[in-house]
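Engineer:
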Amino acid sequence: MGKDFYSMITIVLTTKLEGGRIDPSYWDPKYTTAIEQLEKRFPVEKLGKFIKFITYGQVGQRKLSSKGKVIYLQVRNVGYYGEIVFEKDQDKVKENTYNDPKRSRVAKGDILFINSGWPSLGRCIYVDRDFGKMNVSQHIDVIRIKGFSPATVAMFFSTDVGRKIIERTQHGVSGMTNISFDEVKSLIIPQFPKSIQDSIQLCYTKMLDEFYDTPRVGQKAYDLLKTKFENLKTQVEDIIFGKSESISTYK
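For the sequence shown, position 192 matches number 294 in my numbering, and the numbering has no gaps at all.
As structure tokens, then:
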């Protein structure tokens, strides 16, 4: 091949990079290696195969109300250990007003997925119960899936491999600080056997039962939740890397 051919390749790649279409970090081995490791152990599918509904909260002005009856969740309310962080003076909005569209009302079984702002982008939790009327800001996606354990999705994207998959998607377009519905749907997840999914779902739910229902206060409650969450995450990572074949009994 002649010199002109290689020059053409260089020009095309440079143009794409300068145009912001491809971030060189997308090809970082830490991302490609993580995906290769995952695919060695399990078949993978795009999350979109299981998504039956996805939306985000109302865009624009936040019209809060101290007399509101609808809990209003923002990024800071999506916890790091699977929990919803309810604040002492929790934001609320009036029912059926601007920030309470019915399409983004949160229901039991939903996944809440932060859609913008690294490093928060991609942090997600499983809503294990009905908390009453609750809605979200524009920076949170409400995702409903069918045919796969929602708690398993939330836990997988908390693992090191899951975080790398989200981070790589962020680098798909240089300078991206948010993730679109199509990009959420394109995220890959491992097809764990149903027995593993069921075990993760059970452990995740029991972990939150203890946190929400047991009368503990303050830092002790969060310390215990963090311990349980990190233990479950480690077990999922051990399955991904072939160190284990199952989730141990919940403790």
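Note that beta-carbon positions come from the ideal geometry of N, C-alpha and C, so glycine has one too.
Between I227 and R207, what straight-line distance do the alpha-carbon atoms span, to the nearest angstrom?
Structural biologist: As a working mapping, residue 227 is identified with position 125 in the sequence shown. As a working mapping, residue 207 is identified with position 105 in the sequence shown. Near 15 Å, if we compare the C-alpha coordinates of R207 and I227.
Engineer: What are the uninterrupted segments assigned as beta strand (DSSP E) that are 3 or more residues long and contained completely in the stretch 272-312, given in chain order?
Structural biologist: As far as the stretch 272-312 is concerned, its whole beta strand (DSSP E) runs of at least 3 residues are 290-292.
Engineer: If we ignore side chains and look at the alpha-carbon of each, how far apart do G162 and V229 end up?
Structural biologist: Indexing the sequence shown from 1 puts residue 162 at position 60. Indexing the sequence shown from 1 puts residue 229 at position 127. Approximately 25 Å, taken between the alpha carbons.
Engineer: How big is the Cα-Cα spacing for E285 and R270?
Structural biologist: As a working mapping, residue 285 is identified with position 183 in the sequence shown. As a working mapping, residue 270 is identified with position 168 in the sequence shown. E285 and R270: Cα-Cα distance of roughly 11 Å.
Engineer: Look at I291 and I349 and say whether their C-beta atoms are less than 8 Å apart.
Structural biologist: Taking the first residue of the sequence shown as position 1, residue 291 is located at position 189. Taking the first residue of the sequence shown as position 1, residue 349 is located at position 247. Result no, Cβ atoms of I291 and I349 do not sit closer than 8 Å.
Engineer: Tell me, please, which residues DSSP counts as bridged to Q160.
Structural biologist: As a working mapping, residue 160 is identified with position 58 in the sequence shown. In the DSSP output, where bridge partners are listed per residue, Q160 has S239.
Engineer: Expressed to the nearest angstrom, what Euclidean distance is found between the alpha-carbon atoms of I341 and S168?
Structural biologist: Locating residue 341 in the sequence shown gives position 239, counting from the first residue. Locating residue 168 in the sequence shown gives position 66, counting from the first residue. If you take the alpha carbons of I341 and S168, they lie about 46 Å apart.
Engineer: V255: which of T135, Y200, E138, V146 sits nearest, CA to CA?
Structural biologist: Counting from one through the sequence shown, the residue named residue 255 turns up at place 153. It is V146 whose Cα lies nearest to the Cα of V255.
Engineer: In angstroms, rounded to a whole number, what distance separates the CA positions of D300 and R225?
Structural biologist: As a working note, residue 300 is residue 198 in the sequence shown. As a working note, residue 225 is residue 123 in the sequence shown. Near 22 Å, if we compare the C-alpha coordinates of R225 and D300.
Engineer: Measure the beta-carbon distance from G249 to F155 and round it to whole angstroms, keeping in mind my assumption that it falls under 8 Å.
Structural biologist: Along the sequence shown, read from residue 1 onward, the residue named residue 249 stands at position 147. Along the sequence shown, read from residue 1 onward, the residue named residue 155 stands at position 53. Actually they are not in contact, since the Cβ atoms of G249 and F155 sit about 13 Å apart, beyond 8 Å.
Engineer: Quick check on the burial criterion: 16 or more other C-beta atoms within 10 angstroms. Buried or exposed for A209?
Structural biologist: Mapped onto the sequence shown, residue 209 falls at position 107. The residue in question, A209, is exposed, as its Cβ has fewer than 16 Cβ neighbours within 10 Å.
Engineer: Take the Cβ of Y306 as the centre, count every other Cβ of all protein chains shown within 10 Å, and call the residue buried at 16 or more, exposed below.
Structural biologist: As a first step, residue 306 must be located in the sequence shown, where it is residue number 204. Classification of Y306: buried, given that the 10 Å Cβ count is 16 or more.
Engineer: Report yes or no: do the stretch 171-183 and the stretch 230-237 share at least 3 C-beta pairs separated by less than 8 Å?
Structural biologist: Touching, per the Cβ criterion.
Engineer: Out of curiosity, what's the CA-to-CA distance linking D243 and K345?
Structural biologist: Counted from its first residue, the sequence shown places residue 243 at position 141. Counted from its first residue, the sequence shown places residue 345 at position 243. Their Cα atoms are separated by approximately 33 Å.
Engineer: Within the same chain, show all residues whose beta-carbon is closer than 6 Å to that of K196, passing over the 5 residues directly before and after it, in chain order.
Structural biologist: Here the question's residue 196 lines up with position 94 in the sequence shown. So the qualifying residues of the chain are S167, G170.
Engineer: Run through DSSP, which three-state label would I245 get?
Structural biologist: In the sequence shown, counting from the first residue as 1, residue 245 sits at position 143. Residue state, collapsed to three classes: strand.
Engineer: Less than 8 Å between the CB atoms is what I'm expecting for D262 and E339, so what's the real figure, rounded?
Structural biologist: Position 160 of the sequence shown, counting from 1, holds the residue named residue 262. Position 237 of the sequence shown, counting from 1, holds the residue named residue 339. That belief holds up - the Cβ atoms of D262 and E339 are roughly 6 Å apart, short of 8 Å.
Engineer: Beta-carbon within less than 8 Å of E141's beta-carbon, same chain only, minus the 5 sequence neighbours each way: which residues are those?
Structural biologist: Taking the sequence shown and counting its residues from 1, one reaches residue 141 at position 39. Cβ within range, chain order: n/a, list empty.
Engineer: Between the Cα of E312 and the Cα atoms of K296, K330, I298, G264, which residue gives the shortest distance?
Structural biologist: As a first step, residue 312 is located in the sequence shown; it is residue number 210 there, counting from the start. Looking at the Cα atoms, K330 is the closest of the given residues.
Engineer: Taking all protein chains shown into account, do 16 or more other C-beta atoms lie within 10 angstroms of the C-beta of Y200, making it buried, or fewer, making it exposed?
Structural biologist: One-based indexing of the sequence shown puts residue 200 at position 98. It counts as exposed.
Engineer: To the nearest angstrom, how far is the alpha carbon of K190 from that of F144?
Structural biologist: Reading the sequence shown from its first residue, position 88 is the one you call residue 190. Reading the sequence shown from its first residue, position 42 is the one you call residue 144. For K190 and F144, the distance between alpha carbons rounds to 43 Å.
Engineer: Just to confirm the assignment, what range does the alpha helix (DSSP H) spanning K330 have?
Structural biologist: Translated into the one-based positions of the sequence shown, residue 330 becomes position 228. That run of the alpha helix (DSSP H) goes 320-342.
Engineer: How many angstroms separate the CA atom of L326 from the CA atom of K148?
Structural biologist: Numbered from 1 along the sequence shown, position 224 holds the residue referred to as residue 326. Numbered from 1 along the sequence shown, position 46 holds the residue referred to as residue 148. Between L326 and K148, the C-alpha separation is close to 33 Å.
Engineer: Apart from the five residues on each side of it in sequence, which residues of its chain come closer than 6 Å, Cβ to Cβ, to F283?
Structural biologist: Numbered from 1 along the sequence shown, position 181 holds the residue referred to as residue 283. Once the five neighbours on either side are set aside, the close Cβ partners of F283 are I156.
Engineer: Measure the CB-CB distance between Y240 and Y158 and report whether it falls below 8 Å.
Structural biologist: Stepping through the sequence shown from its first residue, residue 240 is reached at position 138. Stepping through the sequence shown from its first residue, residue 158 is reached at position 56. Per the sequence shown, residue 240 should be read as Gln rather than Tyr. In contact: Q240 and Y158 (Cβ atoms closer than 8 Å).
Engineer: For P252, which residues of its own chain have a beta-carbon under 7 Å away from its beta-carbon, when the five flanking residues on both sides are left out?
Structural biologist: Taking the sequence shown and counting its residues from 1, the one referred to as residue 252 is at position 150. Hits under 7 Å: G211, I213, Y228.
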